[in-house]
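So the sequences go chain by chain: A and B. All letters in the first sequence, in the order written, are residues 1 to 159 by our numbering. All letters in the second sequence, in the order written, are residues 160 to 937 by our numbering. The beta-carbon is built from N, C-alpha and C at its ideal position, and this holds for glycine as well. It should be emphasised that the depicted structure is a prediction, and the values quoted were computed from it without experimental measurement. Notes follow the structure.
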Amino acid sequence: MPDHTFLVNGERVTVDVEDDVRLLWVLRDRLGITGPKYGCGINVCKACTSHLNGKAFNPCAVPVSALRKKDEITTIEGLADTVDGDLHPMQEAWLEFDVAQCGYCQPGQIMAAVDKVRQVQEAGREITDDDLDEIRNICRCGTYFRIRQAIKAGAAAMG
Amino acid sequence: MTVPSPVPTPAPEGSEAKFGVDRRRFLGFVLGGATLITAADLVAGGTPAQAVSSLVPQPAELYDLNDLITDAARPTANLITITITEEGRAQFALPRSENGQGIIDSTAMLIAEELDLPVEMVDVTLADARPELVFNQLTGGSTTTTSTFTPIRVAAAIAKGALLQAAATFFGDSVELLKSKAGVIEAPGGRTVAYGQLTRLAASTTDRQVAVDLKPHEEFTVIGSPVKRKDALEAITGRKKFTLDLDVPDALPTMVCRPPSLNGAPERVANLDAVRQMPGVTDVVKVETGVAVRAATFGQCIDAVRALEVSWRDGPVVGESDGDIRARLRSAQLPFGTPSVPLLAKTVEHEFTFWFKSNSALEPNAAIADVRADSAEVWSGLKNPIVAQQEIALAVGLPQDKVKVHVVQGGGSFGRKLFFDGALEAAKVSQAMGKPVRLMWHRSDDTRQGRVHPAAVSKTRTTYLGKEVLSFEQRHASVSTDFTHGLGEILTALAAKLPSGNYTFAQSIFLLTQEVGYDFGVVDQLLNEVDERFNTGSMRNIYSPDTRTAIELTVDDLARRFGQDPYEFRLARAKSSRTRKTLETVAAAADWGKRMPVGTAQGIAIHKEYKGVTACVVELDCRPETVNREIREARTGPRVTRATFAIDAGLVINPNHLEAQMQGGMLDGIALALTSSVHLRNGAFLEASWDNVAYTRQWNVPPEMEVVVVDSDSGQPGGAGEAGVAATCAAVACAYWRATGTMPKEFPINHQTPLHFEVKPFSPPMPPSPTNGLDFIR
Ligand code: FES
Ligand code: FES
Chain A
1 MPDHTFLVNG
11 ERVTVDVEDD
21 VRLLWVLRDR
31 LGITGPKYGC
41 GINVCKACTS
51 HLNGKAFNPC
61 AVPVSALRKK
71 DEITTIEGLA
81 DTVDGDLHPM
91 QEAWLEFDVA
101 QCGYCQPGQI
111 MAAVDKVRQV
121 QEAGREITDD
131 DLDEIRNICR
141 CGTYFRIRQA
151 IKAGAAAMG
Chain B
160 MTVPSPVPTP
170 APEGSEAKFG
180 VDRRRFLGFV
190 LGGATLITAA
200 DLVAGGTPAQ
210 AVSSLVPQPA
220 ELYDLNDLIT
230 DAARPTANLI
240 TITITEEGRA
250 QFALPRSENG
260 QGIIDSTAML
270 IAEELDLPVE
280 MVDVTLADAR
290 PELVFNQLTG
300 GSTTTTSTFT
310 PIRVAAAIAK
320 GALLQAAATF
330 FGDSVELLKS
340 KAGVIEAPGG
350 RTVAYGQLTR
360 LAASTTDRQV
370 AVDLKPHEEF
380 TVIGSPVKRK
390 DALEAITGRK
400 KFTLDLDVPD
410 ALPTMVCRPP
420 SLNGAPERVA
430 NLDAVRQMPG
440 VTDVVKVETG
450 VAVRAATFGQ
460 CIDAVRALEV
470 SWRDGPVVGE
480 SDGDIRARLR
490 SAQLPFGTPS
500 VPLLAKTVEH
510 EFTFWFKSNS
520 ALEPNAAIAD
530 VRADSAEVWS
540 GLKNPIVAQQ
550 EIALAVGLPQ
560 DKVKVHVVQG
570 GGSFGRKLFF
580 DGALEAAKVS
590 QAMGKPVRLM
600 WHRSDDTRQG
610 RVHPAAVSKT
620 RTTYLGKEVL
630 SFEQRHASVS
640 TDFTHGLGEI
650 LTALAAKLPS
660 GNYTFAQSIF
670 LLTQEVGYDF
680 GVVDQLLNEV
690 DERFNTGSMR
700 NIYSPDTRTA
710 IELTVDDLAR
720 RFGQDPYEFR
730 LARAKSSRTR
740 KTLETVAAAA
750 DWGKRMPVGT
760 AQGIAIHKEY
770 KGVTACVVEL
780 DCRPETVNRE
790 IREARTGPRV
800 TRATFAIDAG
810 LVINPNHLEA
820 QMQGGMLDGI
830 ALALTSSVHL
840 RNGAFLEASW
850 DNVAYTRQWN
860 VPPEMEVVVV
870 DSDSGQPGGA
880 GEAGVAATCA
890 AVACAYWRAT
900 GTMPKEFPIN
910 HQTPLHFEVK
920 PFSPPMPPSP
930 TNGLDFIR
């Protein structure tokens, strides 16, 4: 089996696994990084959302062989380490609004939210309801309204 | 041992009124142990006296599902125990399942309140299956708080009493001079001792029965305060562990190749050996439900499942589609009665169809199982672990006590985890392979072969004369709801308490949950269930979103005929003062009656269940620019732009979680009314993904939402988990009629419009894993 080397949450890892195995399974089943969740495996539910070089992506739809040595994956477990302080401002906002119910979707929601705010701020805009409407992450517990509140607060703190 | 008789002090209005006795004194135990262990016993408290209503009541007004489960839990409630550790923490294993409702937190609050201990010092975990608890380990019907409210507090109060006694010995003072506060006991002169230091002293060598007074409600400081989720930090950092995240050695990923038709079965596998040779694959075996594959990663399971060549036996619904089921339901509809009304009375009849809906949570069906020759161990999110343990033991041929069932926090349930399909299948697969397995259903499995809310046809008939409603009848015909998860057993055991002998389980549940809530003269609601070929379940709020939507649309029709405003009409006919107050609250908060642009409208509805009353007002936008929004692979359609909800939930334990549960329930109600269903075509459900199922997404969420908690006169806690759904679903339906001028007759309203997706193939049963994920990075 081929070796694949890349960075995960600041650590260099090498995994011996077939080329076509999707990164979600390399993270979960081989590296024991279980923050990114399975909800569909076909890039729909967004429960697995993580960051590749600082931008949101869905590891269930990326074969491990597509990664290059210098690629840096950040999962929810590593998000706080990308900022000073114990938690990322978006995680702080999540706590403030007590968003989580069952919690299953929440790692993906937070990773998607951080990325959405980044995009909006790079475009020099404030986050709007229309931006929030574009987020595709499922929450079957229906925490969507608190998610919207938390993203607005988190965006202010990230700005 | 002397057992003190109940103290005859009158309890405050409504407090513990459920028990029908004016007292706050209860009996419990200090159990023998090295440290302090207490338990609650309510058996000695006698049976509850039932309330008596003045009008001719519907069954649920007298005795509802919450009462039933509470009564069923009572005889074994003495087995729940609280332990005080030497660190001064209170430990309690909750015989319930947590799936996001926040019951771990509310339980910790009850204990903290009675024990005078900070909430952070209370550790609540989920108990493994404990068969001796019989009915006391079922999480369903939003009954957790109702049924555990008293026993948990009794155990905590006994613990505090024992600690105070121990402190009296410790200080050489009399108990009356001591005060407990925040986990510390204070004696005169500022001397203090912590609970942890006292627990050995307070411990008993034998089991002793003791009597205890509970705190009066006016003295509550923890109960009723907004407390945040204790596990929030775990959830937002990715540390919270769900079944699939557990580290169980050698439990490798396992999936099942399932039939193309609903409940079909495997016949022959043509390429078993070839698939066994695929990368990562360790085992491939045929089981009852399909062909199971175990591999190093789930990705390799998916590839192997897709490669399998299996011939299948058709499932029992092949050849039939939505329309056939509706025809079957219509012919099963029970006839209306013939209430004797004056000759000049007018009659209004309506019929509504509620299509199948997916009951899937975001966490798919999942379980870890390790079945050996002489024992078995299973991990899963289970709401009824005792029945799961029994059935798994039976299936793998082991004695029940050789099967250890661990209850793991679930990633959402909504009634789904009352069933243990995943756990049972995992156990069978593990046995067949002789290895531990980590079983996961693919999303397409969960959607196509998983549990659904049964389709139903609901008819209403109302008679009225002038502006007086003389009678209201509802006939609800539903595809059979599967109650074999244990609620049925409770009913068997408590058959004597049921409204009348001859009902089936489902009819009994129906009667125990339904209450029209309006003064409509002769009221009569009946259920008939047919067709047991589907995998159904008691999805969040069971029958009520459907029955309530049928009722409230009928109510709006009557208001029109009487020339009255929908709110005024409801207010005038609401049967209880709680309902009136809740209606007034929601109408004021929502600016009921405000001017709305053409193509938009408000809708209003109530619901009464779970010992509480709810009311909802929504604003719905049905203008073309909204309805026709283009979002890829999405159901757009009408959008609720503002939703206001009022609830009288009785005694509120945690207003923060109550609000969260209502918000979630409201978004369920919006999905049921507008977007979310599964379509039956030729014996299979077409939907295979979240985009297909169209549960509420951000683009369907009201930008404005508000939940108002009504001050309640009831001292009894009500259920919250399901209470948000029915009134919201009905309010959306009513708003749709007012906005468009067309009364909606089928739900979700979008069910018959062209599909918004391309149907995924049925064979292979799982779609390919995409490879283009990097293309979407922005
Ligand atoms: S699991 Fe990756 S998007 Fe659903
Ligand atoms: S919190 Fe349960 S799915 Fe989002």
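Give a single yes or no on whether Gly397 (chain B) has its beta carbon closer than 7 Å to a heavy atom of ligand 2.
Your numbering for residue 397 (chain B) matches position 238 in the second sequence. Not so, every heavy atom of ligand 2 lies at least 7 Å from the Cβ.
Quick one: is Thr930 (chain B) near chain A, going by C-beta distance under 8 Å?
Here residue 930 (chain B) is taken as the residue at index 771 of the second sequence, counted from 1. Yes, contact with chain A.
What does Ala819 (chain B) reach in chain A if we use C-beta pairs closer than 8 Å?
Against the second sequence, residue 819 (chain B) aligns to sequence position 660. Within chain A, the C-beta atoms nearer than 8 Å to that of Ala819 (chain B) come from Asp98, Gln101, Thr143 and Arg146, in chain order.
Nearest candidate by alpha-carbon position, reference Ala886 (chain B), set B:Glu768, B:Leu845 and B:Pro903
One-based indexing of the second sequence puts residue 886 (chain B) at position 727. Answer by Cα proximity: B:Glu768.
Give a single yes or no on whether Gly39 (chain A) has its beta carbon closer than 7 Å to a heavy atom of ligand 1.
Here the question's residue 39 (chain A) lines up with position 39 in the first sequence. Correct: Gly39 (chain A) has its Cβ closer than 7 Å to ligand 1.
Spell out whether any CB of chain B is found under 8 Å from the CB atom of Pro2 (chain A).
Looking up residue 2 (chain A) in the first sequence gives position 2. Between Pro2 (chain A) and chain B, the shortest Cβ-Cβ separation is not below 8 Å.
Answer yes or no: do Val776 (chain B) and Ala819 (chain B) have a C-beta to C-beta separation smaller than 8 Å?
The residue given as residue 776 (chain B) occupies position 617 in the second sequence. The residue given as residue 819 (chain B) occupies position 660 in the second sequence. In this structure, the beta-carbon distance from Val776 (chain B) to Ala819 (chain B) does not fall below 8 Å.
Which whole runs of the beta strand (DSSP E) in the region 423–483 of chain B are 3 residues long or more, in chain order?
Assignment of beta strand (DSSP E) within the region 423–483 of chain B, counting only whole runs of 3 or more residues, yields 424–428, 440–446, 449–454 and 469–472 in chain order.
Enumerate, from N- to C-terminal direction, the unbroken alpha helix (DSSP H) stretches of 4 or more residues contained entirely within the region 813–896 of chain B.
You should have 814–829 and 849–852.
Just to confirm before moving on: does the CB-CB distance between Phe399 (chain B) and Gly103 (chain A) stay below 8 Å?
To locate residue 399 (chain B), count along the second sequence from 1; it is residue 240. To locate residue 103 (chain A), count along the first sequence from 1; it is residue 103. The displayed chain sequence assigns Lys, not Phe, to residue 399 (chain B). Gly103 (chain A) is positioned such that its CB atom lies closer than 8 Å to that of Lys399 (chain B).
Please tell me whether Leu195 (chain B) and Ala315 (chain B) are closer than 8 Å, where the distance is taken between their beta carbons.
Taking the first residue of the second sequence as 1, we reach residue 195 (chain B) at position 36. Taking the first residue of the second sequence as 1, we reach residue 315 (chain B) at position 156. Cβ distance not < 8 Å, so Leu195 (chain B) and Ala315 (chain B) don't count as in contact.
Under the criterion of a Cβ to heavy atom distance below 7 Å, does Leu24 (chain A) qualify as lining ligand 1?
By 1-based counting over the first sequence, the position of residue 24 (chain A) is 24. Checking the Cβ of Leu24 (chain A) against ligand 1 gives yes.
Using a Cβ cut-off of 9 Å, pull out every chain A residue sitting near Val137 (chain B), in sequence order please.
A query on residue 137 (chain B) cannot be resolved here, the shown segment of chain B reaching from 160 to 937 and no further.
Does chain A have any CB closer than 8 Å to the CB of Asp850 (chain B)?
Taking the second sequence and counting its residues from 1, one reaches residue 850 (chain B) at position 691. At least one C-beta of chain A is nearer than 8 Å to the C-beta of Asp850 (chain B).
Quick one: grab the DSSP three-state call for Gln568 (chain B).
The count along the second sequence starts at 1 and reaches residue 568 (chain B) at position 409. Three-state DSSP puts Gln568 (chain B) in coil, outside helix and strand.
Return yes when the C-beta of Ala100 (chain A) is under 7 Å from any heavy atom of ligand 2, and no when it is not.
As a working mapping, residue 100 (chain A) is identified with position 100 in the first sequence. Under cutoff, so the answer is yes.
Contact criterion: CB-CB distance below 8 Å. Does Phe457 (chain B) meet it with respect to chain A?
Counted from its first residue, the second sequence places residue 457 (chain B) at position 298. For Phe457 (chain B), a Cβ of chain A is located within less than 8 Å of the residue's own Cβ.
Along chain A, which residues have their Cβ under 7 Å away from the Cβ of Asp827 (chain B)?
As a first step, residue 827 (chain B) must be located in the second sequence, where it is residue number 668. Contacts between Asp827 (chain B) and chain A, judged by CB atoms closer than 7 Å, involve Gly142 in chain order.
Leaving aside the five residues before and after Pro725 (chain B) along the sequence, list all residues of the same chain whose C-beta is less than 6 Å from its C-beta, in chain order.
Here residue 725 (chain B) corresponds to residue number 566 of the second sequence, with the count starting at 1. Taken in chain order, the residues that qualify are Asp715, Ala718 and Ile763.
Only counting runs of 4 or more residues, tell me where the alpha helix (DSSP H) segments fall wholly within the region 55–113 of chain A, in order along the chain.
Scanning the region 55–113 of chain A from its first residue to its last, the whole alpha helix (DSSP H) runs of 4-plus residues come out as 76–79 and 89–96.
Span of the beta strand (DSSP E) around Ile545 (chain B)
As a first step, residue 545 (chain B) must be located in the second sequence, where it is residue number 386. Per DSSP, Ile545 (chain B) belongs to no beta strand (DSSP E); it is in the alpha helix (DSSP H), Pro544 to Val555.
In chain A, which residues lie with their C-beta within 7 Å of the C-beta of Leu933 (chain B)?
Along the second sequence, read from residue 1 onward, the residue named residue 933 (chain B) stands at position 774. Neighbours of Leu933 (chain B) in chain A, taken as residues whose beta carbon is under 7 Å from its own, are Phe57, Val62 and Ala66 in chain order.
From Asp404 (chain B) to Ala894 (chain B), what distance separates their C-alpha atoms?
Here residue 404 (chain B) refers to the residue found at position 245 when the second sequence is read from its first residue. Here residue 894 (chain B) refers to the residue found at position 735 when the second sequence is read from its first residue. The C-alpha of Asp404 (chain B) lies about 43 Å from the C-alpha of Ala894 (chain B).
Using C-beta distances below 7 Å, list every residue in its chain close to Glu134 (chain A), excluding the 5 sequence neighbours before and after it, in chain order.
What you label residue 134 (chain A) is simply residue 134 of the first sequence in a count that begins at 1. Taken in chain order, the list of residues that qualify is empty.
Could you confirm whether any beta carbon from chain B is found closer than 8 Å to the beta carbon of Gln121 (chain A)?
Indexing the first sequence from 1 puts residue 121 (chain A) at position 121. In terms of beta-carbon proximity, Gln121 (chain A) stays away from the interface with chain B, with every pair separated by 8 Å or more.
With three or more beta-carbon pairs closer than 8 Å as the criterion, would you say the region 615–625 of chain B touches the region 695–709 of chain B?
Counting Cβ pairs under 8 Å, three or more are found: they touch.
From this set, B:Arg610, B:Gly593 and B:Gly458, which residue's C-alpha is nearest Ser519 (chain B)'s C-alpha?
Working through the second sequence from its first residue, we reach residue 519 (chain B) at position 360. Nearest C-alpha to Ser519 (chain B): B:Arg610.
Separation of His766 (chain B) from Phe6 (chain A), as counted between CA atoms:
Here the question's residue 6 (chain A) lines up with position 6 in the first sequence. Here the question's residue 766 (chain B) lines up with position 607 in the second sequence. Going by the C-alpha atoms only, they are around 55 Å apart.
Starting from Ile243 (chain B), follow the beta strand (DSSP E) in both directions and report where the run begins and ends.
Indexing the second sequence from 1 puts residue 243 (chain B) at position 84. Following the DSSP letters along the chain, one finds Ile243 (chain B) inside the beta strand (DSSP E) bounded by residues Thr240 to Ile243.
Between which two residues does the alpha helix (DSSP H) holding Thr358 (chain B) run?
On the second sequence, residue 358 (chain B) is found 199 positions in, with the first residue counted as 1. In the DSSP annotation of this structure, the continuous segment of the alpha helix (DSSP H) that includes Thr358 (chain B) starts and ends at Tyr354 to Ala361.
Just to make sure I have the definition right: I need the residues of chain A whose C-beta is within less than 9 Å of the C-beta of Asp529 (chain B). Which are they?
Counting from 1 along the second sequence, the entry for residue 529 (chain B) is found at position 370. At a C-beta separation below 9 Å, Asp529 (chain B) has no neighbours in chain A, since its nearest C-beta there lies roughly 17 Å away.
May I ask whether a heavy atom of ligand 2 can be found less than 7 Å away from the beta carbon of Gln106 (chain A)?
As a working mapping, residue 106 (chain A) is identified with position 106 in the first sequence. Checking the Cβ of Gln106 (chain A) against ligand 2 gives yes.
The region 502–514 of chain B in contact with the region 534–550 of chain B per 3-pair CB rule at 8 Å
Fewer than three pairs of CB atoms, one per stretch, sit closer than 8 Å, so the region 502–514 of chain B makes no contact with the region 534–550 of chain B.
Taking only runs that begin and end inside the region 337–396 of chain B, name each unbroken alpha helix (DSSP H) of 4 or more residues, in chain order.
Whole alpha helix (DSSP H) segments, 4+ residues: 354–361 and 391–396.
May I ask you to report which of helix, strand or coil DSSP gives Tyr726 (chain B)?
Your numbering for residue 726 (chain B) matches position 567 in the second sequence. Judged by DSSP in its simplified three-state form, Tyr726 (chain B) adopts helix.
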